[in-house]
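In what follows, a structure is listed as structure tokens, so that the remarks can point back to it.
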Amino acid sequence: MAVVFQRPKSLCDVPTHYCPGCTHGIIHRLVCEVMDEMDIAGNTIGVCPVGCSVMAYDYFACDMIEAPHGRAPAVATGVKRAKPDSYVFTYQGDGDLAAIGTAETVHAATRGENIVVIFVNNTTYGMTGGQMAPTTLPGQITQTTPYGRDPKVQGYPVRVCEMLATLDGTALAQRVAVDSVPNIRKAKAAIKKAFENQRDKKGFSIVEVLSTCPTNWGLSPTEALERLRKDMIPYYPLGVYKDKSAEEKEAAK
Amino acid sequence: MERNLMKGNEAIAEAAMRAGCKCFFGYPITPQTEISAYLAKNMAKNGGLFLQAESEVAAINMVLGASSTGTRVMTSSSSPGISLKSEGISYIAASDLPCVIVNVQRGGPGLGGIQPSQADYWQATKALGHGDFHILVFAPSSVQEMVDMVTEAFDLADEYRMPAMLLADGLLGQMMEPVSFPEKRTEFSPKPWATDGHKNKREHNIVNSLFLQPDVLQNSVVKRFERYEEIKEKHAQAEVYLCEDAEIVVTAYGATARVAKSAVNAARAKGIKAGLFRPKTLWPYPEKRLNDACKTAKRVLCVEMSMGQMIDDVKLALECRIPVEFFGKTGGVIPTPTEVLAQIEKYAE
């Protein structure tokens, strides 16, 4: 009998702690499918953040490190510089990457650190119960913006891909979403491109994945996907913000 | 053996390379910058890596990453920078990772000054980060000792899977002395716990400090403290000088111990039975050696470049059986042998 669907080898056969309807599971799977297809799990070291995916070290079957909050790009830098021939990726949420870890993110990018960053943007601090994140949309109600985020008081959200695309060290900055089958396929292609960039020593590759948090948004999983499409994508447009290898190909024509 | 005239900071850097340090991550701060400068010049030539980080916070986390792969790694800083590293040091200790951290102390608190100080004793030995943990703390008193202790720090850090600190000060870092180096280390014990890629030959390794179940976390801390007991037993070190018949024992470490030694010699010349107890490790503190050194002592005088921090450990070790006096200068002021001698004379009467 032909096997049409199975768990990727790089994904551990364990139950996860993620809430029902959360899209972390899809994103984990995409990273693992890419590791399987490139046959690199034995030579890959992943770095977990502090946030909902803090325990992802139990889910990825490659060697894993749990980093202090926001410091994953610095930890990944240490790993990559010590073992330049290995594949290194970080898996970070929006609070980890775009608030407490902004400096580490920006400087890993500008150094052209040859790593992959999987950036999961769900506009909230999920693990601590839904506080305002650097990516929380104007007007969005959270535990710490109970009357809605007011830019006059709490400032504006950070658009990470747009910001990092300005840096010379960034090889790939692409925003994708996991709300639909076509978008999930695009997300996987972007993650694969990021790992291929690392193989080809192109530099810093970040894939921002628009994700949902049904629990803290107070929505059903389907409603949460609707919100992603209706509210998030207009503020965080999907697309490629920087692609050095495509630019090089274009220039070579 | 070949002897070179070298600055303390540069000697630390050369000793680290010879001890097999393959990665260094740092951030500029006075008075330790020569360590970075030396390694920036020489690390790549020796097959290693020097990287200037965007912050002390990033530097210590790069150390965490490199150490996770089983690589010998070092960072260095001075007092305010060590405060910034404390988050990472706690994680490194909790993840059972080895590394060497150099603190060339300057005056504090706050931005403080850039002159020598010993005001980070409490921080190094008792409060280097949140949570229950210790790191090894070496206190060199000469440039040669900086070399010897860096080498030992790398070895013990690996053996016990924990961070080791070289607690120096601006005086030692900037001072030049003749020094000889050990041969370059080429063989190291294996690190089967390292996250360096499993090559599909073993289960995946995890470097982690998160344990959500209280009993599991407690067990991991207790196991670490069992190792600490062994370290206390085996690796507490001190220099004991003229204490056999001493009625007054001066305790001092690092650069201050050099000043104290001059004062002890001057006191002996005046017929005062003075001795010097110099801890070479501050954690573990050489408690038994101190008690042995104080067998004939009527008084102990603790001299520090601080308002009095090591004195706590001296009193604890002696269980307050002998009166312990204090003399200190702080903020970058260095006590003179004349001042220390005056204190010895005062308490010897």
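If you're matching them up, the sequences are chains A and B in order. With the first letter of the first sequence counted as 1, position 233 gets the number 235 in the numbering used here; the numbers rise by one all the way through. With the first letter of the second sequence counted as 1, position 310 gets the number 489 in the numbering used here; the numbers rise by one all the way through. Idealized CB from N, CA, C, for every residue including glycine. Please read all numbers here as calculations on a predicted model, not as lab measurements.
Item, Value
"For Q416/B, which residues from the same chain have a beta carbon less than 7 Å from its beta carbon, with the 5 sequence-adjacent residues on both sides left out?", "K459, T460 and P465"
"What is the rounded straight-line gap between the Cα of E528/B and the Cα of M489/B?", "25 Å"
"List the residues of chain A that C202/B touches, going by C-beta distances under 9 Å, in chain order.", "G80, R83 and A84"
"So which residues of chain D does A245/B contact, with C-beta pairs closer than 8 Å?", "Going by chain labels, chain D is absent from the structure shown, which instead holds the protein chains A and B."
"Under 8 Å Cβ-Cβ, which residues of chain A neighbour M241/B?", "A76, V77, T79, G80 and R83"
"Would the beta-carbon of S359/B fall within 8 Å of that of R500/B?", "no"
"Check distances from the C-beta atoms of the stretch 54 to 68 of chain A to those of chain B and list, in chain order, the residues that come in under 9 Å.", "V56, M57, Y59, D60, F62, A63, C64, D65, M66, I67 and E68"
"Apply the 10 Å Cβ neighbour rule to L13/A and answer buried if 16 or more other Cβ atoms are within range, or exposed otherwise.", "buried"
"Can the beta-carbon of T130/A be found less than 8 Å from the beta-carbon of T138/A?", "no"
"When burial is assigned at 16 or more other CB atoms within 10 Å of the CB, is K380/B buried or exposed?", "exposed"
"Does DSSP put A318/B in a helix, a strand or coil?", "coil"
"Ordered along the chain, which non-local residues of its own chain (more than five positions away) have a Cβ less than 6 Å from that of T304/B?", "V316, L461 and W462"
"Would the beta-carbon of K204/A fall within 8 Å of that of A253/A?", "no"
"Starting from R163/A and walking both ways along the alpha helix (DSSP H), at which residues does that stretch end?", "For clarity, residue 163/A is Cys in the given sequence; the question names Arg instead. That run of the alpha helix (DSSP H) goes V162 to L166."
"List, in order along the chain, the chain A residues whose C-beta lies closer than 7 Å to that of L230/B?", "R83"
"List the residues of chain B whose Cβ lies closer than 9 Å to the Cβ of G44/A, in chain order.", "G376, H377, K378, N379 and K380"
"Apply the 10 Å Cβ neighbour rule to K255/A and answer buried if 16 or more other Cβ atoms are within range, or exposed otherwise.", "exposed"
"Have a look at the DSSP bridge pairing and note the partners of A521/B.", "Per DSSP, none; premise fails for A521/B."
"Among M355/B, E266/B, L230/B and T430/B, which has the Cα closest to the Cα of V252/B?", "L230/B"
"Applying a beta-carbon distance threshold of less than 7 Å, which residues of chain A neighbour H414/B?", "Those within 7 Å of H414/B in chain A number zero; the least Cβ separation is about 27 Å."
"Against chain B, does R31/A count as a neighbour if the rule is that its beta carbon must be under 8 Å from one of theirs?", "no"
"Rounded to a whole number of angstroms, what is the C-alpha to C-alpha distance between Q94/A and R151/A?", "23 Å"
"Could you tell me the alpha carbon to alpha carbon distance between V429/B and M486/B, rounded to whole angstroms?", "16 Å"
"Measure the alpha-carbon distance for G292/B versus G352/B and round it to whole angstroms.", "15 Å"
"DSSP three-state call for Q94/A: helix, strand or coil?", "strand"
"According to DSSP, simplified to helix, strand and coil, what is P465/B?", "coil"
"Which residues in the same chain have their Cβ closer than 8 Å to the Cβ of P10/A, if we skip the five residues on either side of it in sequence?", "R31, C34, E35, M37 and D38"
"Note down, one range per segment and in chain order, each alpha helix (DSSP H) of at least 4 residues found wholly within the stretch 54 to 109 of chain A.", "74 to 84"
"By a C-beta neighbour count over all protein chains shown, 10 Å radius and 16 as the cutoff for buried, is E250/A buried or exposed?", "exposed"
"What are the residues that DSSP puts in a beta bridge with G241/A?", "R177/A"
"Do we get a CB-CB distance below 8 Å when we pair L389/B with the residues of chain A?", "yes"
"Using a Cβ cut-off of 9 Å, pull out every chain B residue sitting near H26/A, in sequence order please.", "Within chain B, no residue comes near H26/A; the closest Cβ sits about 17 Å away, beyond 9 Å."
"Given that E266/B touches chain A, what residues does it touch there, using C-beta distances under 9 Å?", "P70, H71 and R73"
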